[in-house]
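One line per chain: the protein sequences are U and P, in this order. Counting from 1, position 52 in the first sequence corresponds to residue 52 in our numbering; the numbering is continuous, with no gaps. In our numbering, each residue carries its 1-based index in the second sequence increased by 221. Ideal placement from N, C-alpha and C gives every residue a C-beta, glycine not left out. All values derive from a computational prediction rather than experimental measurement. Presented below is the structure to which this report refers.
Protein chains: 2
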Amino acid sequence: MRLRGRKGIRENLEQQEDLVVLDPREYKGKWSQMFGNDRPLYIELGMGKGQFISGMSFKHPDCNFVGMDMYDELIRRGSEKVRNIWSGHEPENSHNVRLALGNIESIEEFFAPGEVERVYLNFSDPWPKKKHGRRRLTHPRFLDKYRTLLNEEGEIHFKTDSRELFEFSLNAFAANGLQMGSISLNLHGDGINEEHVMTEYESKFVGQGMPIYRCEVKVGE
Amino acid sequence: MRLRGRKGIRENLEQQEDLVVLDPREYKGKWSQMFGNDRPLYIELGMGKGQFISGMSFKHPDCNFVGMDMYDELIRRGSEKVRNIWSGHEPENSHNVRLALGNIESIEEFFAPGEVERVYLNFSDPWPKKKHGRRRLTHPRFLDKYRTLLNEEGEIHFKTDSRELFEFSLNAFAANGLQMGSISLNLHGDGINEEHVMTEYESKFVGQGMPIYRCEVKVGE
C-alpha cells in the first residue's frame, strides 16, 4: 500500500513510545521483556490500516501482538485504531500490542529464533506477475524465515481474496512439507464467521460477495 | 448418475468381453495377467460416460486403464467412446483399457494391495449434505482404501467443479498427512490446458466459465 507522506507523521509516531516501535531491531529476542510477560507472541506481517491487529489485541488479552508495516502513515492509522478500540477499556499496565515499522524482508533482524508463536498473513500483496513471485509473502524463501522465527507451537494463519495467491501458497506450503489445516475456499460462505476478526479489505470483499480463502499451517517442529 | 434401464443393455455388455468386465472381483490381483503386460494400472472411479478414460487410454498406450462405474448404461456408453476413439487405430493385441461394473464401496474386492499406480477421481458426486459426507470419494474412509490399493509410486489425481468438495478434500488429504502437489484453483484459467484430458462435465463447465479445481496427491509410502 503506497501512501503519500504527510508532514508531522514521524513526529506523531515518535510521541507514541507506548505503542509504536520505530526500530524493531532493538527488541530482537527481548519482546517478552518489553511486554513484561511471557504471553505468546502473535505477529501480523503487513498490517495495513490495523483493523485486524487492533481487534485481535482487544479480543485476546492473553496474547501479545505486533503488527508490522513499512509505511509511517499506516503505523499512524493503526495507532488510532488501537487507541479507539481500547478506549474506555485501558489495560492496567501497557497495551498487549505494538505497531512496528519495518520491512518484512528483514524480519529475521526483528525477531529471534523461536520467539514468535504465530504469523498472520492477511491479504498480502499477490504480486501477480510471475517475475515478482519471490516477493509474495508465502514464497518458500519467506517460509524459511518464518520457520526459524516460530516456536514449536508455531503456526501461520493466512487469508486472502486472491485465488492466484492462495493457489501459489497452498503449493508452497505443500512443497515445503508443512502441515495444513482449516482450509477454506469461501470463509464467510455461510454468513459472516464471527470467530474471525476481519481486516478492512475483508469487510469490503465479503460485502461484494467475493470469496475469502484461508488456511492454517503448522510450522513448529 | 442415475439412468433408466434399457432393454438389451446387459446383453450388449455381455458381448463385449474384450472391453467390459461385469465382475471385477474375478481380476483382483490378476489385472496385469489379464492385460498381458506389466504396465502401470491407472483406474478412474466413477467414469461417467467415459470421455476421460477413453481419451487417456488412447493418449497413453504405455499404461493400462480401468474405468469403473455402477450403471450398465454408463459402461455401454463408455464402450462406444472407447471403440470410437480407437477406431482405425486398433491396438495389435487387446485394448489397454477395460470398463468395469462395480460399486466403489467395494473397491478392495476388485484390486489387490499395491496393484494400482494411480486413482483418478473426476467430478465425483459432491454429496453436499453434511450427513452424506461419508459418501464423498475423498472421505478419509475411502482414502484408507486407496492407500491400500496404491503401490509405492501411487497417486490420486482429483478434479472437480465443486468448491465445497474441493475444500473438503484438501482438508481430508492434509489431515491424513498426504503430500499434495499441482494444486490448481482454476485449471483452465489461462485457456484450455491441452495436457489434461477433459471429462464431459469439464468441457461443459469450462465452456460456462466456471473454475475447475484440481490436485495431485502422493500416497505411495
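Rounded to whole angstroms, the separation of the alpha carbons of LYS350(P) and PHE332(P) is 30 Å. HIS353(P) and GLU385(P) have their C-alpha atoms some 13 Å from each other. Listed along the chain, the chain P residues whose CB falls inside 8 Å of the CB of GLN179(U) are ALA395, GLY398.
The C-beta of LEU170(U) comes closer than 8 Å to at least one C-beta of chain P. Excluding the 5 residues flanking it on each side, ASN176(U) has same chain C-beta neighbours closer than 7 Å at PRO140, LEU143, in chain order. Take the alpha-carbon of ARG10(U) and the one of VAL20(U): they are about 11 Å apart. The segment 241–254 of chain P makes no contact with the segment 183–200 of chain U: fewer than 3 CB pairs, one atom from each, lie closer than 8 Å.
Separation of the CB atoms of SER79(U) and GLN16(U) is rounded to 5 Å, and the pair is thereby assigned contact status at 8 Å. Within chain P, no C-beta atom comes less than 9 Å from the C-beta of LEU187(U); the nearest is roughly 10 Å away. Fully contained in the segment 49–104 of chain U are the following alpha helix (DSSP H) runs of length 4 or more, in chain order: 51–59, 72–86. A contact between stretches requires three or more CB pairs, one per stretch, nearer than 8 Å, and the segment 271–291 of chain P meets this requirement with the segment 307–326 of chain P. Contacts between SER184(U) and chain P, judged by CB atoms closer than 7 Å, involve GLU388 in chain order. Distance check between ARG134(U) and each of ASN122(U), ALA172(U), ILE43(U) places ALA172(U) closest, using alpha-carbon atoms only. DSSP, reduced to helix, strand and coil, places THR138(U) outside both helices and strands of the structure shown, so it counts as coil.
According to the DSSP secondary-structure assignment, ARG214(U) is paired through a beta bridge with LYS159(U), SER184(U). Residue pairing by DSSP places GLU338(P) in no beta bridge whatsoever. Counting only the Cα atoms, SER390(P) lies some 35 Å from GLU108(U). Cβ neighbours of ILE325(P) within its own chain (closer than 6 Å, five residues either side excluded): LEU266.
With fewer than 16 neighbouring CB atoms inside 10 Å of its own CB, GLU311(P) falls in the exposed class.
With a threshold of 16 other beta carbon atoms within 10 Å, SER106(U) falls short and is exposed. For GLU11(U), no beta strand (DSSP E) run applies; the uninterrupted alpha helix (DSSP H) run containing it begins and ends at 9–14, by DSSP. Around ARG163(U), the beta-carbon contacts reaching into chain P at under 7 Å are LEU406, ASN407. Check the Cα spacing between TYR120(U) and each of PRO61(U), PHE52(U), LEU22(U): the tightest is with PHE52(U).
A straight-line Cα-Cα distance of about 35 Å links ASP293(P) and GLN400(P).
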